[in-house]
Amino acid sequence: MQCLLFILLDKGIFKYLCHEVKDCIKLKIKVMENFRFNSGFITQKITRLFVLMLLVLPLSVMAESNEIAEERVTLIRGKIVDASSNEPLIFATVSVAGSNIATVCNTEGEFLLKVPNELLERNVEFSHIGFEMKSIPIKNLQSPSNRIEMNMISVSLVEVSVFPSDPDLLIRAVMNRRADNYMDVAMHKTAFYRESVRRGWSYVSLTEAVVEIYKHPYNRAREDQVRLKIGRKSTDYGRMDTLAFRIQGGPFSALMLDIMKDPYTLFDEEMLQYYNFTMANLTKVDDRLLYVLDFEQKKDVNIPLFYGSLYIDTKTLAVTNAEFRMNIEDRDEAARIFIRKRPIGARVWPTETYYQVNYREHDGRWYFGHARAQLSFRVNWRRRLFNRNYHTTMEIAVTDWRETDDRPFRASDRLRMNVIMEDAVEGFANENFWGDYNVIEPEQPIENAIRRIQRSLD
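Residue numbering for the sequence shown follows full-length UniProt numbering, beginning at 1 and increasing consecutively.
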């Protein structure tokens, strides 16, 4: 018997309906009295590009090697920590100075950077919000376990004096400056993508891929395109009772967290009126002063929206980072928005959401660099004593890019927007699978899962 459960991951992953229906959406918003949304209307405004399908499937793990010689690169490994507390600095950016090569730390502060041998005379730069940037010559990073300690930046009283008095005017100015602050040319990007599903602490699905992205300019409302380079996967549905998870949308869903490319993901000019904005703090990154602008839905808005923080460059008003969650206090309402179908006899509701996006700067303009989304939910089966907790994580990091005059990818080469990455890639291979592609270092639980998979293939 097959059980199907479709879960929408909310507007942070989806975006509002495509631009063809934008005017219709705005008209409907304007005529609504007291902003009394219903879940059906919200669901209509969200594209169904990222779906979890729970179904019974056989385990399929195939081993195929995609080895790439690593003689062309030098591996730099290490861990980045707060110098005062020794706490790991998660999602810190690690890049080769004067190049477009970069990666990010994992949730344990660990990183792996593969540097082309022709760039070994350069420095590696480490940056994180609220900390002084650190630049270290590559020749000084030859240890197999480099420890990078970063110092927190303090904001002076003089700098505090630039605090804006009207946060609502600030966010409107931010949205109006998008065309000036973000890349206005097409870009060809290389990125690493990872998605995983856990039941409790056990990994039951893990998919990783290196993809190429054709990124349209930020001033054009066109969908980005993705082409698969190499990938691998493993599924262990034997751990899932009668359910198996499949994630639909893959890298496209992660790219929709680029809230400055398409503001419908979070809020556009029409939606701003339904949020309260508050100036929360000032901080720095790479000697750049940032406003921290908090936002949350207004009390009289009775449909789950979002709350979180935007980090805004005080000089250019560019959003450099964002962290946000969905309001899921109303469990039934949140479940109605998230869930399209579910197995008979099962109640499903979200218990946690988290979204994070980082931008990087090049010659005065910003571009999408890294995004991560996490969703947890609970499944309560009728006539079963215990609930089941499931967690899914999706992450993408741009590791290299260049401006391009090339035409977009051919339709036959690119992934579909409803792609299921498990179906698009093969099984696990040896530990040198990624060759000289940069990837995100796996956290310890994922690394343990990878080792278990590889042992089963030996």
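A virtual CB, placed ideally from N, CA and C, is assigned to each residue, including glycine.
A quick note: this is a predicted structure, and the numbers were derived from the prediction, not measured.
Presumed contact (8 Å Cβ cut-off) between residue i and residue j, rounded CB distance
i: residue 469; j: V285; result: Limits of the chain in this structure are 1 at one end and 458 at the other, which puts residue 469 out of reach.
i: D82; j: M133; result: Going by Cβ atoms, the distance from D82 to M133 rounds to 14 Å, so no, they are not a contact pair.
i: N100; j: W401; result: 5 Å
i: A346; j: V379; result: 6 Å
i: A334; j: R177; result: So it is not a contact: roughly 33 Å between Cβ atoms.
i: R227; j: F433; result: About 19 Å; that fails the 8 Å criterion.
i: Q374; j: Y354; result: 4 Å
i: V398; j: A102; result: 7 Å
i: D313; j: L290; result: 6 Å
i: V204; j: V197; result: 6 Å
i: D406; j: H188; result: 7 Å
Beta-bridge pairing of residue i - partner residues as DSSP gives them
i: I148; result: I80
i: G250; result: Bridge partners of G250: none, in fact.
i: M394; result: E195, A373
i: Y354; result: Q374
i: N389; result: R378
i: R407; result: In the DSSP output, where bridge partners are listed per residue, R407 has none listed.
i: D400; result: T190
i: W366; result: Y182, E361
Alpha-carbon spacing of residue i relative to residue j, whole angstroms
i: L169; j: S127; result: 29 Å
i: E223; j: T207; result: 23 Å
i: S143; j: T74; result: 12 Å
i: K315; j: F368; result: 19 Å
i: I259; j: L266; result: 6 Å
i: T107; j: V96; result: 21 Å
i: A322; j: R372; result: 11 Å
i: I213; j: K298; result: 37 Å
i: S145; j: K139; result: 14 Å
i: R48; j: P251; result: Interpretation of R48 is limited by its pLDDT of 36, a score under 50 that renders its predicted location unreliable; the figure taken from the coordinates is listed afterwards. Answer to the nearest angstrom: the Cα atoms are 14 Å apart.
i: T283; j: W381; result: 46 Å
i: V115; j: Y307; result: 38 Å
i: I440; j: R77; result: 11 Å
i: L120; j: R147; result: 19 Å
i: I247; j: S202; result: 17 Å
i: F131; j: P343; result: 48 Å
i: S154; j: M183; result: 30 Å
i: K45; j: D294; result: Reliability fails at K45, whose pLDDT of 39 lies under 50, so the model's placement of it is uncertain and the value that follows must be treated cautiously. Between K45 and D294, the C-alpha separation is close to 24 Å.
i: S165; j: E87; result: 34 Å
i: N302; j: Y274; result: 10 Å
i: M256; j: H216; result: 13 Å
i: G98; j: N438; result: 17 Å
i: D287; j: A280; result: 19 Å
i: P442; j: D300; result: 42 Å
i: R365; j: R232; result: 34 Å
i: S85; j: R383; result: 48 Å
i: K79; j: S135; result: 15 Å
i: H362; j: Q356; result: 20 Å
i: residue 461; j: L415; result: A query on residue 461 cannot be resolved here, the shown segment of the chain reaching from 1 to 458 and no further.
i: residue 464; j: N387; result: With the chain covering 1 to 458 only, the question about residue 464 has no answer from this structure.
i: S234; j: Q225; result: 25 Å
i: T392; j: E296; result: 24 Å
C-beta atoms of residue i and residue j nearer than 7 Å
i: M326; j: P304; result: yes
i: A221; j: I396; result: no
i: G109; j: L141; result: no
i: W349; j: R336; result: no
i: M394; j: A254; result: yes
i: R194; j: Y390; result: no
i: T404; j: A186; result: yes
i: F111; j: V94; result: yes
i: V174; j: H370; result: no
i: F324; j: T351; result: no
i: residue 470; j: K261; result: The shown model of the chain, from 1 to 458, leaves out residue 470, and the question about it has no answer.
i: F277; j: I171; result: yes
i: R72; j: D436; result: yes
Cutoff 7 Å: residue i Cβ touching any chain D Cβ
i: A102; result: Absent from the structure: chain D. Only one protein chain is present.
Check: residue i C-beta below 6 Å from any heavy atom of the ligand GDP
i: D82; result: This structure lacks the ligand GDP, and indeed carries no ligand of any kind.
ask   = Of all the alpha helix (DSSP H) runs that stay within the bounds of the region 268-348, which reach a length of 4 or more residues?
value = 331-338
task = Please specify which runs of the beta strand (DSSP E), each continuous and at least 3 residues long, are wholly inside the region 70-137, giving them in chain order.
result = 73-82, 93-96, 102-104, 110-116, 123-127, 134-137
request  = Could I get the ranges of all uninterrupted beta strand (DSSP E) runs contained in the region 172-239, with 3 residues as the minimum, in chain order?
outcome  = 187-199, 202-215, 225-235
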